[in-house]
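This report refers to the structure that appears directly beneath it.
Below you can see the structure in the form of structure tokens.
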């Protein structure tokens with residue numbers, strides 16, 4: 001079973017990658033893809049907030 005620190009680390013990495021993809025989708029006017037990724041963005045944001053991660057430095061989307 002993964003430790004809490006492993007879960008947080010993996011979630012931070014996924015959150016960062018997802019935001020980069022979301023920025024790219026928005027810049028390319030691919031709003032359908034952006035909206036699909038927005039659901040996962042929100043899920044990860046909840047997980048990281050509950051884990052006590054300060055999102056101010058890493059949240060590029062801010063939705």
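Residue numbers (the UniProt record's numbering): 1 to 63.
Here a beta-carbon is modelled for each residue, glycine too, at the ideal position from N, C-alpha and C.
Could you give the DSSP three-state label for residue i: helix, strand or coil?
{"i": "residue 59", "result": "coil"}
{"i": "residue 5", "result": "helix"}
Let me check understanding here. Comparing Cα to Cα, which of the options lies closest to residue i?
{"i": "residue 17", "options": "41, 47, 29", "result": "41"}
Give me, in chain order, the residues of the same chain whose beta-carbon lies closer than 7 angstroms to that of residue i; leave out the 5 immediate sequence neighbours on both sides.
{"i": "residue 55", "result": "45, 48, 49"}
{"i": "residue 11", "result": "44, 47, 48"}
Whose C-beta lies closer than 8 angstroms to the C-beta of residue i among residues of the same chain, with five residues either side of it excluded?
{"i": "residue 51", "result": "4, 7, 8, 11"}
Closer than 6 angstroms by C-beta to residue i: which residues in its own chain qualify, once you throw out the five before and the five after it? Chain order, please.
{"i": "residue 19", "result": "60, 61"}
Requested in this report: Note down, one range per segment and in chain order, each alpha helix (DSSP H) of at least 4 residues found wholly within the stretch 17-52.
Outcome: 31-50
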